[in-house]
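In the working numbering, the protein residues as written are 3 to 328.
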Ligand SMILES: [Zn+2]
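Next up, the structure:
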């Protein structure tokens, strides 16, 4: 008789897209399916869309509900004791006990965690953090999220909110952050910050001769980190100046975590990190200013490996871990 692979379903719930897939306990990803979240249509509609996405993945892969081990969910925002709280991008979603709602619809084990926590777990089990004992992951995208693994276990804090690295203050009374505080890391090193800082340079005298200005045809709403970094790699002064700021504050935050936790691995992921060595190399150069050499020498700084499938993979891993399978 053929031995059956065991599968879980991973559901990565984003602001605009629900990504759903089958995940094996070895981290294989199968049958990825994307559908709209339609967050603007309210909570019931979102829950219904998620339910349909799961059913379609089952049908497309000729599986029945009892063939899967469970379902894992990842969502942006703070999850306090299983209930989603404080998600400014999905207001209709606030107050939703996602796992409990889904358990009522699908009678299989359901688990939920913050999306960056999930991606960190995926990198720890199957990706760049495989074999690590203590690791910190930075997800540098629209905002900046973080995840922690301590002594080989996901560390979620007393209420499930640990890892909000993006809102650590790096400049007292500095740039305004989306969270309402000033001087957060996210206000200096995220996509939104890169775009804002670049626009400020471009509207100054110095910016007019920048390649970025040319690349967006003078339309500052078209600035993206990809354009900024493509120009920086060609030696553009504005692009390089923005990268200096991005890397300085990431190095400050990473250095603080190295000194606090003595981790063996720091993983850098998220859309901004697609720029690659120009960021990681520069952070490595700056780290000696912000971290103790004995701990820094014993910590590797590496790019994330799993890319866009980290979310769904981690959702599956969450199921297998909670069921004691991995
Ligand atoms: Zn903030």
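Note that CB positions come from ideal geometry on N, CA and C, so glycine has one too.
>> Check whether the segment 157 to 176 and the segment 185 to 202 are in contact - that is, three or more C-beta pairs closer than 8 Å.
In response: yes
> For residue 325, which of helix, strand or coil comes out of DSSP?
Replying inline: The sequence position of residue 325 within the chain shown is 323, counting from 1. Of the three classes helix, strand and coil, the one that applies to residue 325 here is coil, per DSSP.
> In chain order, what residues have a CB nearer than 7 Å to some heavy atom of ligand 1?
Replying inline: 168, 169, 179, 180, 181, 183, 186, 188 and 189
> Just checking, does the segment 74 to 92 make contact with the segment 112 to 119 on the three C-beta pairs under 8 Å criterion?
Replying inline: yes
>> Going by DSSP, what residue range makes up the alpha helix (DSSP H) through residue 191?
In response: Walking along the chain shown from the start, residue 191 turns up at place 189. Note, residue 191: alpha helix (DSSP H), 188 to 191.
> Along the chain, which unbroken stretches of the beta strand (DSSP E) at least 3 residues long are found entirely within the segment 41 to 113?
Replying inline: 70 to 77, 80 to 82 and 85 to 87
> Closest by CA to residue 207, which one among 178, 239, 106 and 88?
Replying inline: As a first step, residue 207 must be located in the chain shown, where it is residue number 205. The option with the nearest alpha carbon to residue 207 is 239.
>> Mapping the DSSP letters down to three states, classify residue 131 as helix, strand or coil.
In response: On the chain shown, position 129 is the one that residue 131 refers to. In the structure shown, residue 131 sits in coil (DSSP, three-state: anything other than H, G, I, E or B).
> Would you say residue 43 touches ligand 3, meaning its beta carbon is less than 7 Å from a heavy atom?
Replying inline: For the structure depicted, ligand 3 is absent and the ligand set comprises only ligand 1.
> Can you name, in chain order, every residue of its own chain whose Cβ lies under 7 Å from the Cβ of residue 53, other than the five neighbours on each side?
Replying inline: Here residue 53 corresponds to residue number 51 of the chain shown, with the count starting at 1. If we look at residue 53 and ignore the five residues flanking it on each side, its Cβ neighbours are 107.
> Which value, in whole angstroms, describes the spacing of the CA atoms of residue 23 and residue 234?
Replying inline: Taking the first residue of the chain shown as position 1, residue 23 is located at position 21. Taking the first residue of the chain shown as position 1, residue 234 is located at position 232. Distance between the alpha carbons of residue 23 and residue 234 is about 37 Å.
> Would a C-beta distance cut-off of 8 Å place residue 203 and residue 251 closer than the cut-off?
Replying inline: Taking the chain shown and counting its residues from 1, the one referred to as residue 203 is at position 201. Taking the chain shown and counting its residues from 1, the one referred to as residue 251 is at position 249. Not a contact, by the Cβ cut-off of 8 Å.
>> Can you find the residues in the same chain that come closer than 6 Å, C-beta to C-beta, to residue 327, ignoring five residues on each side of it along the sequence?
In response: Taking the first residue of the chain shown as 1, we reach residue 327 at position 325. The answer, listed in chain order, is 27.
>> For a quick check, are the C-beta atoms of residue 99 and residue 324 less than 8 Å apart?
In response: The residue given as residue 99 occupies position 97 in the chain shown. The residue given as residue 324 occupies position 322 in the chain shown. Taking 8 Å as the Cβ cut-off, residue 99 and residue 324 do not qualify as a contacting pair.
> Exposed or buried, which one is residue 291 when buried takes at least 16 other CB atoms within 10 Å?
Replying inline: In the chain shown, residue 291 corresponds to position 289, counting from 1. Under this definition residue 291 is an exposed residue.
>> What would DSSP say about residue 138, mapped onto helix, strand or coil?
In response: Against the chain shown, residue 138 aligns to sequence position 136. Note: residue 138 maps to strand in three-state DSSP.
>> Tell me whether the segment 125 to 136 and the segment 297 to 309 touch, counting them as touching only if at least three CB pairs, one residue from each stretch, are closer than 8 Å.
In response: yes
> CA-CA distance, residue 179 and residue 147?
Replying inline: For this step, residue 179 is matched to residue 177 along the chain shown. For this step, residue 147 is matched to residue 145 along the chain shown. Approximately 14 Å, taken between the alpha carbons.
> Taking contact to mean at least 3 C-beta pairs separated by less than 8 Å, is the segment 31 to 40 in contact with the segment 80 to 89?
Replying inline: no
> If we ignore side chains and look at the alpha-carbon of each, how far apart do residue 248 and residue 140 end up?
Replying inline: For the purposes of this step, residue 248 is taken as the residue at position 246 of the chain shown. For the purposes of this step, residue 140 is taken as the residue at position 138 of the chain shown. Their Cα atoms are separated by approximately 13 Å.
> Relative to the C-alpha of residue 232, which residue among 220, 270, 261 and 215 is closest?
Replying inline: To locate residue 232, count along the chain shown from 1; it is residue 230. It is 215.
> How many whole angstroms separate the CB atoms of residue 156 and residue 119, which I take to be in contact at a CB cut-off of 8 Å?
Replying inline: Residue 156 sits at position 154 when you count from the first residue of the chain shown. Residue 119 sits at position 117 when you count from the first residue of the chain shown. Right, their Cβ atoms sit about 6 Å apart.
> Are residue 280 and residue 268 touching if we call contact CB-CB under 8 Å?
Replying inline: Position 278 of the chain shown, counted from the start, is the residue given in the question as residue 280. Position 266 of the chain shown, counted from the start, is the residue given in the question as residue 268. No; because the gap between Cβ atoms is not below 8 Å, this pair is not in contact.
> Can you check whether the CB of residue 13 is closer than 8 Å to the CB of residue 56?
Replying inline: On the chain shown, residue 56 is found 54 positions in, with the first residue counted as 1. On the chain shown, residue 13 is found 11 positions in, with the first residue counted as 1. In this structure, residue 13 lies closer than 8 Å to residue 56 by Cβ.
>> What residue range does the beta strand (DSSP E) around residue 184 cover?
In response: In the chain shown, counting from the first residue as 1, residue 184 sits at position 182. Looking at the DSSP string, residue 184 is not in any beta strand (DSSP E), and its letter there is neither H nor E.
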